[in-house]
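K.L.:
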Amino acid sequence: MVSQQERIFKVSHKALRLKWLMLLLLFASTIFVPFMIATSGQEYPDLSVAPIFWAAFGFIWVPLLVAYWRQTIRIELAGNHFTIKKLWQSPKQFDYKAILAHNERLEVDRGGTFSVLTVYLQTNYLSIDSNEFEEYDLLKESFGQYGKSIAYQKVLTLAERNRLRWMIAGLALFIAANITFGYVAHNPANPKPARLVPVTDIVDKIIEEQPKGRLKGVMISLRTHPAFSFYVSRRNYDVRLDTLKWAITTQKPIELLIRESDYRKKLIKTEPLTVGDKYDNYKQILVFGVSQDGAVHIKTSKPVVEPIHTNPGQRTFLLSVLLLFCWTGWAYVDRHKVLRAN
Numbered sequence: 013m014v015s016q017q018e019r020i021f022k023v024s025h026k027a028l029r030l031k032w033l034m035l036l037l038l039f040a041s042t043i044f045v046p047f048m049i050a051t052s053g054q055e056y057p058d059l060s061v062a063p064i065f066w067a068a069f070g071f072i073w074v075p076l077l078v079a080y081w082r083q084t085i086r087i088e089l090a091g092n093h094f095t096i097k098k099l100w101q102s103p104k105q106f107d108y109k110a111i112l113a114h115n116e117r118l119e120v121d122r123g124g125t126f127s128v129l130t131v132y133l134q135t136n137y138l139s140i141d142s143n144e145f146e147e148y149d150l151l152k153e154s155f156g157q158y159g160k161s162i163a164y165q166k167v168l169t170l171a172e173r174n175r176l177r178w179m180i181a182g183l184a185l186f187i188a189a190n191i192t193f194g195y196v197a198h199n200p201a202n203p204k205p206a207r208l209v210p211v212t213d214i215v216d217k218i219i220e221e222q223p224k225g226r227l228k229g230v231m232i233s234l235r236t237h238p239a240f241s242f243y244v245s246r247r248n249y250d251v252r253l254d255t256l257k258w259a260i261t262t263q264k265p266i267e268l269l270i271r272e273s274d275y276r277k278k279l280i281k282t283e284p285l286t287v288g289d290k291y292d293n294y295k296q297i298l299v300f301g302v303s304q305d306g307a308v309h310i311k312t313s314k315p316v317v318e319p320i321h322t323n324p325g326q327r328t329f330l331l332s333v334l335l336l337f338c339w340t341g342w343a344y345v346d347r348h349k350v351l352r353a354n
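Residue numbers (the working numbering): 13 to 354.
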């Protein structure tokens with residue numbers, strides 16, 4: 013074997029910056045933004061939707077974190093040994109004789125085709141991407157002297173396997189907690205019509221909810237109750253609501269019909285809140301009638317019942333699919349060869 017000269021190889025700064033940027037953008041879009049939506053302006057966080065998205069996003073985060081912690085970012089070659097550092101891990105030193113085998117394969121990403129050299133040790137491994145190490149050919153020549161060339165094998169260190177299992181188990185527990193919440197927050201259906209009561213106050217602000225350009229409803233803010241959003245939903249009315257925002261005059265009194273239960277539980281707080289009342293969009297109060305100065309007068313013609321908040325059956329079915337994915341991921345991990353000292 014050719015004696016190795018002392019050299020230090022580092023992953024390119026551009027590749028490392030792109031990885032951190034992608035991680036930051038993913039964190040913002042999948043965790044921070046949903047968290048802010050669920051908690052912004054809420055006395056109680058809205059747990060009706062955000063946890064379901066977080067459970068689904070977990071299947072993006074787990075593979076991404078695995079790919080990141082497998083990433084070799086620094087290699088130091090010395091006369092009789094070499095040192096590797098993987099992302100988020102401390103440096104580890106090995107003798108060249110610890111190299112058992114190596115493999116080179118082609119991979120494809122948006123930037124095109126690149127080579128990946130995998131070096132297998134008795135208790136560890138390292139992956140070197142040609143598009144991230146500028147002196148890839150020199151590294152390939154250096155490590156190619158040791159061990160034999162073999163077909164690519166999926167491997168994990170024992171620590172990585174255990175860490176990955178903990179992540180999958182944690183995600184499964186989070187999904188199970190999500191399912192449990194669906195039952196705890198569910199209010200039994202009451203076929204009796206809900207009693208409606210009028211609330212009169214000054215209109216502070218009116219906002220239309222128009223996802224993808226289609227009107228879903230109108231949100232009204234009242235001066236005395238700024239913490240709540242009084243929502244006129246299109247699905248509760250037979251008439252069109254396209255002109256409602258322009259028909260209502262701000263800074264003038266308005267009369268809204270709401271459920272008596274919402275009035276007692278949220279506005280005057282004389283009745284206790286259920287779990288569903290607290291954590292299923294607490295700040296929103298549905299409106300079933302609007303009147304102002306004779307210019308606006310609409311009222312729902314549909315029966316109004318008390319809210320059930322969650323649909324446990326539907327929620328369980330959806331999240332059970334994610335639990336099945338967890339089981340599939342666990343089985344996939346077991347297909348990897350685990351590198352052990354023995």
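We treat Cβ as the ideally placed atom computed from N, Cα and C, and that holds for glycine.
Here the structure is a predicted model, which is why all the values come from computation and not from measurement.
With a 10 Å radius around its C-beta and 16 neighbouring C-beta atoms as the bar for buried, classify W66 as buried or exposed.
P.N.:
With 16 or more other Cβ atoms within 10 Å, it is buried.
K.L.:
Who are the near neighbours of V14 in its chain, counting only those whose CB is closer than 7 Å to its CB and skipping five residues on each side?
P.N.:
Low confidence applies here, because V14 scores a pLDDT of 49, under 50, leaving its location unreliable; read the following figure in that light. Contacts found: Q157.
K.L.:
Go ahead and label Q83 buried or exposed: buried means 16 or more other beta carbons lie within 10 angstroms of its beta carbon, across all protein chains shown.
P.N.:
By the 10 Å Cβ count, Q83 comes out buried.
K.L.:
Express the C-alpha separation of I191 and Y249 in angstroms, rounding to a whole number.
P.N.:
When rounded, the distance between both Cα atoms is 32 Å.
K.L.:
Where does T236 sit, in a helix, a strand or coil, going by DSSP?
P.N.:
Correct three-state label for T236: coil.
K.L.:
Counting only runs of 3+ residues fully inside the stretch 173-245, write out the beta strand (DSSP E) ranges in chain order.
P.N.:
List check, beta strand (DSSP E) in window: 208-221, 229-234, 241-245.
K.L.:
Among T262, Q222, F240, I266, which has the Cα closest to the Cα of D254?
P.N.:
That would be Q222, whose Cα lies nearest to the Cα of D254.
K.L.:
Decide if A353 is buried, meaning its Cβ has at least 16 other Cβ atoms within 10 Å, or exposed.
P.N.:
So A353 counts as exposed.
K.L.:
Within a Cβ cutoff of 6 Å, which residues of the same chain sit near G301, ignoring the five residues on either side of it in sequence?
P.N.:
Result list for G301: L269, K311, in chain order.
K.L.:
Return the CA-CA distance between R19 and L150, expressed in angstroms with no decimal places.
P.N.:
Looking at the two C-alpha atoms, the distance is approximately 10 Å.
K.L.:
Span of the alpha helix (DSSP H) holding T328?
P.N.:
Per DSSP, T328 belongs to the alpha helix (DSSP H) from 324-346.
K.L.:
Taking all protein chains shown into account, do 16 or more other C-beta atoms lie within 10 angstroms of the C-beta of L351, making it buried, or fewer, making it exposed?
P.N.:
By the 10 Å Cβ count, L351 comes out buried.
K.L.:
When the Cα atoms are used, what is the spatial distance from V23 to G288?
P.N.:
About 50 Å.
K.L.:
Would Y148 pass as a contact of R117 if the rule is Cβ separation under 8 Å?
P.N.:
No, these two residues do not count as a Cβ contact at 8 Å.
K.L.:
To the nearest angstrom, how far is the alpha carbon of F71 from that of F337?
P.N.:
For F71 and F337, the distance between alpha carbons rounds to 8 Å.
K.L.:
Can you look up V14 in the DSSP assignment and give me helix, strand or coil?
P.N.:
Note that V14 scores 49 on pLDDT, short of 50, meaning its location in the model is unreliable and no value can be drawn from it.
K.L.:
Of the residues T261, V333, H114, K295, which one's Cα is nearest the Cα of A307?
P.N.:
For A307, the nearest C-alpha among the options comes from T261.
K.L.:
Assuming E220 contacts R271 under a Cβ cut-off of 8 Å, what Cβ separation, rounded to an integer in Å, is found between them?
P.N.:
Not quite, the Cβ-Cβ distance comes to about 23 Å (not below 8 Å), so this is no contact.
K.L.:
What are the complete beta strand (DSSP E) segments, minimum 3 residues, inside the stretch 251-301?
P.N.:
Counting only runs of 3 or more, we get 265-271, 296-298.
K.L.:
May I have the straight-line CA-CA distance separating W100 from L76, to the nearest angstrom?
P.N.:
Answer to the nearest angstrom: the Cα atoms are 13 Å apart.
K.L.:
Under DSSP, the alpha helix (DSSP H) around E153 begins and ends at which residues?
P.N.:
Unbroken alpha helix (DSSP H) run through E153: 148-155.
K.L.:
When the Cα of S245 is compared with those of K31, V299, F145, which residue comes out closest?
P.N.:
The candidate whose alpha carbon is nearest that of S245 is V299.
K.L.:
Verify whether the separation of the beta carbon atoms of G182 and T328 is less than 8 Å.
P.N.:
Taking 8 Å as the Cβ cut-off, G182 and T328 do not qualify as a contacting pair.
K.L.:
Would you say G159 and H114 are within 8 Å of each other, going by their C-beta atoms?
P.N.:
Cβ distance < 8 Å, so G159 and H114 count as in contact.
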